[in-house]
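Note that full-length UniProt numbering numbers the sequence shown so that position 42 is 42, with each residue one more than the last.
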Amino acid sequence: MYVCLCNGVTSHTVADAVANGASSTKKVAEACGAGAECGRCRRTVRAIITSSRTEREVRQR
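Set out below in structure tokens:
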């Protein structure tokens, strides 16, 4: 699914950026471009970051 229409960035690409250490919307924008233009996708990017954190915490238990 496309997360950022401005830059054509998919949720998979955002998830990869987060998995590689991007821990904020600014860092995701730097890594893959999602959220770097109009900002409408930042809420979705934040949700992906939060989901990734939650998954990591569950795996560590």
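Note that the Cβ used here is the ideal one computed from N, Cα and C, for glycine as well.
Within the DSSP bridge table, the entry for T10 names Y2 as partners. Counting the other CB atoms within 10 Å of its CB gives A19 a total below 16, which places it among the exposed residues. The DSSP-derived three-state label of A17 is helix.
A residue is called buried when at least 16 other Cβ atoms come within 10 angstroms of its Cβ; C4 meets this threshold and is buried. Secondary structure at E55: helix, using DSSP grouped into helix, strand and coil.
Assigned with DSSP and collapsed to three states, E30 falls in helix.
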